[in-house]
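Numbering (our numbering), first residue to last: 888 to 1069.
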């Protein structure tokens, strides 16, 4: 808008600081993305998915209006690294969606493993959306692609005024049994 409002006389004066401001904003956005992707990865690599999700939620707590809870059931050991990283990235994106779009006061992140199946669910009490008229946005398409990359499926349910529930189900998360060398 500022570019369009500038006249020929003052264009050079206005556009130089505007260009610099745009560059700073772009750089800052890139730095924030890089930092946010780095958060939790060391914890994920050292301690696993549950600890990394706990750290992520702890970092959000008190800084956002939405209160997040973490529930983890059945995760006794570590998962394969690509599955842990994929699920962590999915959780980050789902949490960001809640903060950006849901206008929720409460949300939960649930990780439940039963046998060879793992479910990651992010649920909120926000504004929801009408599934009959809404199309999956880029965020849900990206999450579906991330889920597919680790052998998972994306499921979601939402109703206007009743919040949204998004679940990623991954089969075959247990490592194959090791066979002694013969």
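Here a beta-carbon is modelled for each residue, glycine too, at the ideal position from N, C-alpha and C.
{"query": "Neighbourhood of residue 1036 by C-beta, 7 Å cutoff - its chain only, sequence neighbours within 5 removed", "result": "973"}
{"query": "DSSP three-state assignment for residue 958, whether helix, strand or coil", "result": "strand"}
{"query": "Where residue 1040 falls: helix, strand or coil (DSSP)", "result": "strand"}
{"query": "Helix, strand or coil at residue 1050 according to DSSP, with G and I counted as helix", "result": "strand"}
{"query": "Boundaries of the alpha helix (DSSP H) in which residue 939 is found, first to last residue", "result": "936-947"}
{"query": "Euclidean distance between Cα positions of residue 937 and residue 959", "result": "7 Å"}
{"query": "First through last residue of the alpha helix (DSSP H) which encompasses residue 976", "result": "968-984"}
{"query": "Chain-order list of residues whose beta-carbon lies under 6 Å from that of residue 924 (same chain, five-residue window excluded)", "result": "Since pLDDT at residue 924 reaches only 49, below the 50 mark, its modelled position is unreliable, and the value read off the structure follows with that caveat. Closer than 6 Å at Cβ, skipping near neighbours: no residue."}
{"query": "Residue closest to residue 941, alpha-carbon to alpha-carbon, out of 978, 1020 and 1013", "result": "978"}
{"query": "Close beta carbons around residue 1001, own chain, < 7 Å, minus the five adjacent residues each side", "result": "961"}
{"query": "Cut-off 7 Å between Cβ atoms - residues of its own chain near residue 922, not counting five sequence neighbours on either side", "result": "Per-residue confidence for residue 922 stands at a pLDDT of 45, beneath the threshold of 50, marking its modelled position as unreliable; no derived number is given."}
{"query": "Pairwise C-alpha distance: residue 1012 and residue 918", "result": "Unreliable placement is indicated for residue 918, whose pLDDT of 45 sits below 50; the coordinate value is still reported in the next sentence. Cα to Cα, residue 918 sits roughly 31 Å from residue 1012."}
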